[in-house]
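Asks: I'd like to ask some things about the structure below.
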Amino acid sequence: MKLIIFAGPPTCGKTTVIKQVIKRMITKKLKPSFIKIDVLYADEDETINKEFGIPTRKIYSGELCPDHCNVVVLDEAVEWAEKAGSDYLFVETAGLCLRCSPYVEKSLGIVVLEATSGMNLPRKIGPMLTLADISVITKIDLVSQAEREVFRYRVLESAKGITVVESNALYGIGIDPIVKQIIKTNDVEFPMFLRGNPPVGTCTICVGKKEIGAKNHFGVLRTMDHELFYVGE
Amino acid sequence: MEIKKITIIGGYGKDGSKEKVDQFDLISGDIISIVGPTGCGKTTLINDIELFANSNTPSGRIILINGEPIPEDFTFDPSKHPIALISQHTNFLSDLPVGEFLTIHAKIRGAKDVESVVEETIQFANQLTGEAIIKETAMTELSGGQTRSLLIADAVVIGNSPIILLDEIENAGINKTKALELLKKYDKLFVFVTHDPTIALLSDCRIIMKNGAMQKIVTSNPEERNAAEVLKKMDDTFLHFRGLIRAGEEIRNEDLNYIIN
Ligand SMILES: Nc1nc2c(ncn2[C@@H]2O[C@H](COP(=O)(O)OP(=O)(O)OP(=O)(O)O)[C@@H](O)[C@H]2O)c(=O)[nH]1
Ligand SMILES: Nc1ncnc2c1ncn2[C@@H]1O[C@H](COP(=O)(O)OP(=O)(O)OP(=O)(O)O)[C@@H](O)[C@H]1O
Ligand SMILES: [Mg+2]
Ligand SMILES: [Mg+2]
Ligand SMILES: [Zn+2]
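Protein chains in written order, with the numbering used here: chain V, 98 to 330; chain P, 534 to 794.
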């Protein structure tokens, strides 16, 4: 199973990019599946399932930080995708938490940023950008070439060595290089580990336990199907 | 890489039928216009050129450089992008002050003397605008005309690209005769998307577009040069009267002598 994790601020174009990627994967006879992790509302699972007929799911993190939710359910999610018969699992995160980062070792981390956001955004979003492998810059059709160049520079200044891909996701421009990287990605290995150092905090994730899966943590947890429960003293 | 020639290989129009023009070369030093009604795909065509389309855009066009397709993995170091595209946008979304934005852009583009390049850019832009652009202003506060003036100046002075694609420079009330005059001082390949007959007739040739597709190429004949001169005088007349009106003057019958002379 290849695990592809998409993060990025709300409405930056994650779903639009993912749909363009899935379209190309299906033409290549590859088998993707899709999970959306969001806080309160998401409909991508339905729209993507309807459009492409691939296995999809959604998980509401509710009271949890969506990236913490990601940490505790992702092992089950990979098993789910395997059972569903797919070879690639696309995870679209909510991308709200600027201290956490959803990327897992041996996965492909893709951060989606819109060219229309402020020039300081790349400096503000921390590990969501700096720990990603690829930064897709969407909505290039809405800004001038000069602004594109300066925004790209700001991205590279915060995340040295990241691969930058510029895209007009509505028309599928710039998607092919992303598909190429996805296909080149290695399979994930169990046990999976979080790529970055979680923020300072009090829960087991926050104090630095990077192993994926609810069974490895204490405190307020959840599984893919069960609402919040508490493990510990 | 030095670009001597760009070839457009025709793709498909909006209705999916093959483009009538199946191949067209843009040679360094040429001035080309792209004309056609609104929505016919002019912007799409210059976007294809700027992106080095390789059957991967909605039009299915292929762009060759010096006769060769762009290798699949090839990505330009954006600081060396040989094509500057001045888009139709009349507002910036970047929230930086003009001076800071231009300074970063000049650094990215490898300017040797960043400060003087930024000054030159603002001066170039201010020759095209009504009210001067001030360095400390936020980009987002510029007017439509100021934005487009700055985009043109940025592409020519900071970008210093050998190929410049301009989308409707005549819009937003900038001084287009002045713009053409300034641009012609630079030896580059210019592609103008335009609704303006003077600009079209002053070009070496024009691509006629309809329904998303290139219909034919018309090479300017010598008589059209004369026509362009006459049209230019008409433009100057409009500018003259605009100047008077802007200055708060009243127009009298004798002012019409300006037209006759
Ligand atoms: N012009 C333009 N619009 C785009 C582009 N990419 C996405 N959009 C539009 O941006 C809006 C948001 O896109 P989504 O793909 O839903 O964004 P998202 O990141 O999945 O949003 P959430 O999941 O709600 O956080 C939609 O209206 C898209 O059509 C692009 O490259 N250009
Ligand atoms: N060859 C094509 N195939 C498919 N769609 C196309 C093609 N050419 C243009 N279009 C679509 O037609 C629409 C209008 O095109 P475009 O913006 O390029 O027009 P334009 O000539 O620049 O118009 P204007 O004069 O108003 O600026 C766009 O949505 C574009 O994607
Ligand atoms: Mg989405
Ligand atoms: Mg246009
Ligand atoms: Zn968090």
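The beta carbon of each residue, even a glycine, is placed where N, CA and C say it ideally should be.
Model, not experiment: these values are computed from the prediction.
#1: Using the beta-carbon of each residue, find all residues closer than 7 Å to any heavy atom of ligand 4 and list them in chain order.
#2: Going residue by residue through the segment 163-225 of chain V, where are the continuous beta strand (DSSP E) segments of at least 3 residues, counting only ones entirely within it?
#3: What would DSSP say about P/N587, mapped onto helix, strand or coil?
#4: Expressed to the nearest angstrom, what Euclidean distance is found between the alpha-carbon atoms of V/D164 and V/P106?
#5: Name, please, each residue of chain C whose Cβ falls closer than 7 Å to the Cβ of P/P591.
#6: Roughly how many angstroms separate the alpha carbons of V/S198 and P/G543, rounded to a whole number?
#7: Do P/M747 and P/E552 have their C-beta atoms within less than 8 Å of each other?
#8: Only counting the same chain, and skipping five residues up and downstream in sequence, which positions put a Cβ closer than 7 Å to that of P/F634?
#9: Considering V/A104, what are the terminal residues of the beta strand (DSSP E) in which it resides?
#10: Which class does P/Q748 belong to by DSSP, given the choice of helix, strand or coil?
#11: Using a Cβ cut-off of 7 Å, pull out every chain P residue sitting near V/G215, in sequence order please.
#12: For a contact meaning CB atoms closer than 9 Å, what does P/S753 contact in chain V?
#13: I want to see whether chain V comes within less than 8 Å of P/I637, judged by CB atoms only; does it?
#14: To the nearest whole angstrom, what separates the beta carbons of V/R220 and V/S255, a pair I think is in contact under 8 Å?
#15: Closest to V/E143 by C-alpha separation, out of V/K312, V/F131, V/A243, would be which residue?
#16: With DSSP collapsed to three states, give me the class of P/S682.
#17: Just the chain V side, please: which residues come within less than 9 Å of P/S620 by C-beta, in chain order?
#18: Name the DSSP bridge partner or partners of P/D700?
#19: What whole-angstrom Cβ distance do P/S694 and P/A586 have, given they're in contact under 8 Å?
#20: Comparing C-alpha positions only, which one of P/I707, P/S588, P/I702, P/K547 sits nearest to P/F723?
#21: Mind checking whether the beta-carbon of V/A266 lies closer than 7 Å to any heavy atom of ligand 1?
#22: For ligand 3, is there a heavy atom less than 7 Å away from the beta-carbon of V/K180?
Replies: Quick look at the numbers:
#1: Neighbourhood of ligand 4, defined by CB distance below 7 Å to any of its heavy atoms: P/K575, P/T576, P/Q621, P/D700, P/E701, P/V726, in chain order.
#2: For secondary structure counted as the beta strand (DSSP E) over 3 or more consecutive residues, the segment 163-225 of chain V holds these complete runs in sequence order: 185-189, 205-211.
#3: Indexing the second sequence from 1 puts residue 587 of chain P at position 54. Looking at P/N587 - three-state DSSP - the assignment turns out to be strand.
#4: By one-based count along the first sequence, residue 164 of chain V stands at place 67. By one-based count along the first sequence, residue 106 of chain V stands at place 9. Each residue's Cα considered, the two are about 13 Å apart.
#5: Checking the listed chains, one finds no chain C in this structure; the protein chains it contains are V and P.
#6: Stepping through the first sequence from its first residue, residue 198 of chain V is reached at position 101. Stepping through the second sequence from its first residue, residue 543 of chain P is reached at position 10. Straight-line Cα distance between these residues: approximately 45 Å.
#7: By 1-based counting over the second sequence, the position of residue 747 of chain P is 214. By 1-based counting over the second sequence, the position of residue 552 of chain P is 19. Contact flag set, yes.
#8: Along the second sequence, one-based indexing puts residue 634 of chain P at 101. For P/F634, same chain residues with a beta-carbon under 7 Å away, outside a window of 5 residues either side, are S627, M672 in chain order.
#9: Along the first sequence, read from residue 1 onward, the residue named residue 104 of chain V stands at position 7. Run containing V/A104: 99-104, per the beta strand (DSSP E) assignment.
#10: Position 215 of the second sequence, counted from the first residue, corresponds to residue 748 of chain P. The DSSP-derived three-state label of P/Q748 is strand.
#11: To locate residue 215 of chain V, count along the first sequence from 1; it is residue 118. Within 7 Å Cβ-Cβ: D628.
#12: The residue you call residue 753 of chain P lines up with position 220 of the second sequence. Against P/S753, chain V offers no close residue; the least beta-carbon distance is about 28 Å (beta-carbon pairs closer than 9 Å).
#13: The residue labelled residue 637 of chain P in the question sits at position 104 within the second sequence. P/I637 belongs to the set of residues whose beta carbon lies under 8 Å from a beta carbon in chain V.
#14: In the first sequence, residue 220 of chain V corresponds to position 123, counting from 1. In the first sequence, residue 255 of chain V corresponds to position 158, counting from 1. The Cβ separation is near 6 Å, so the contact holds.
#15: Start at 1 with the first residue of the first sequence, and residue 143 of chain V comes out as number 46. Comparing Cα positions, the closest option is V/F131.
#16: In the second sequence, residue 682 of chain P corresponds to position 149, counting from 1. DSSP, reduced to helix, strand and coil, places P/S682 within a helical segment of the structure shown.
#17: For this step, residue 620 of chain P is matched to residue 87 along the second sequence. Ordered by position in chain V, the residues that pass the 9 Å Cβ test against P/S620 are D238, V240, S241, Q242.
#18: For the purposes of this step, residue 700 of chain P is taken as the residue at position 167 of the second sequence. According to DSSP, which records beta bridges pairwise, P/D700 is partnered with P/V726.
#19: By 1-based counting over the second sequence, the position of residue 694 of chain P is 161. By 1-based counting over the second sequence, the position of residue 586 of chain P is 53. In this structure P/S694 does not touch P/A586 by the C-beta definition: roughly 18 Å separates them, more than the 8 Å allowed.
#20: Within the second sequence, residue 723 of chain P is the residue found at index 190, counting from 1. Closest by C-alpha distance to P/F723, out of P/I707, P/S588, P/I702, P/K547, is P/I702.
#21: As a first step, residue 266 of chain V must be located in the first sequence, where it is residue number 169. Yes, Cβ of V/A266 sits closer than 7 Å to a heavy atom of ligand 1.
#22: To locate residue 180 of chain V, count along the first sequence from 1; it is residue 83. V/K180 Cβ: outside cutoff for every heavy atom of ligand 3.
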